[in-house]
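The numbering of the sequence shown is my numbering, which starts it at 30 and goes up by one.
For glycine and all other residues, C-beta sits at the position ideal for the given N, C-alpha and C.
All of these numbers come straight from a predicted model, not from anything done at the bench.
Note sheet for the following structure.
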Amino acid sequence: MKILMLHGINHNMFGKRDPGQYGTITLDEINASLVALGQELGTTIEAYQTNSEGDMCERIHQGYAEGVDAVLINAGAWTHYSYGIRDALAILTCPIVELHMSNIHAREAFRHVSVFAEIVKGQICGFGVDSYLLALRAAVSAVQAAK
30 MKILMLHGIN HNMFGKRDPG QYGTITLDEI NASLVALGQE LGTTIEAYQT
80 NSEGDMCERI HQGYAEGVDA VLINAGAWTH YSYGIRDALA ILTCPIVELH
130 MSNIHAREAF RHVSVFAEIV KGQICGFGVD SYLLALRAAV SAVQAAK
């Protein structure tokens, strides 16, 4: 099983950006945790981060061509307005799990809306770095249930 982890805009700054909201964990540490849990669950994790919306769409298209089994996405601010990324995700035929470290529903009003909500299997938010691990478990479960 191969799962693609997509990290969005500004996530390369985890550990430095707003530690009160996101903690001090770095993107590399998040990815290492995902890879370790992925090994336990019998899946391979490929992580990708970009600050370019077009590059994110291209990576989603590549994931479709590769036939990934599931996609995890924390698109950051793109979650709330990127119809381009939404349309790219809609091409996928595998389970997609949207995740956020913070509880987007308890933050600014513009963060309460996800343009991805109608096309994802589910959304996990508010559990810090554990949101990533919960999302991975949910994705693996969704793939297994579909078989």
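Taking a contact as a CB-CB distance under 8 Å, the pair residue 31 and residue 69 does not count as one, their CB atoms being some 16 Å apart. Per DSSP, the continuous alpha helix (DSSP H) segment holding residue 87 begins and ends at 82 to 95. Residue 102 is not a Cβ neighbour of residue 120, given a cutoff of 8 Å.
Looking at the DSSP output, residue 126 shares a beta bridge with 101 and 151. At the C-beta level, residue 118 and residue 164 stay beyond 8 Å of one another.
Between the beta-carbon of residue 92 and that of residue 33 there is about 5 Å, and that keeps the pair under the 8 Å contact cut.
For the 8 Å CB-CB criterion, residue 141 and residue 148 do not form a contact.
About 5 Å separates the beta carbons of residue 105 and residue 38, which is inside the 8 Å limit, making them a contact pair. Secondary structure note for residue 75: its beta strand (DSSP E) is the uninterrupted segment 73 to 78.
Here the C-alpha atom of residue 155 lies approximately 17 Å from the C-alpha atom of residue 63. If you ignore the 5 residues before and after residue 150, its C-beta comes within less than 7 Å of the C-beta of 124, 125, 126 and 171, all in its own chain and listed in chain order. According to DSSP, residue 42 shares a beta bridge with no other residue. Selection 44, 169 and 176 evaluated against residue 100 yields 169 as nearest (Cα-Cα). When rounded, the separation of the alpha-carbon atoms in residue 139 and residue 107 is 11 Å.
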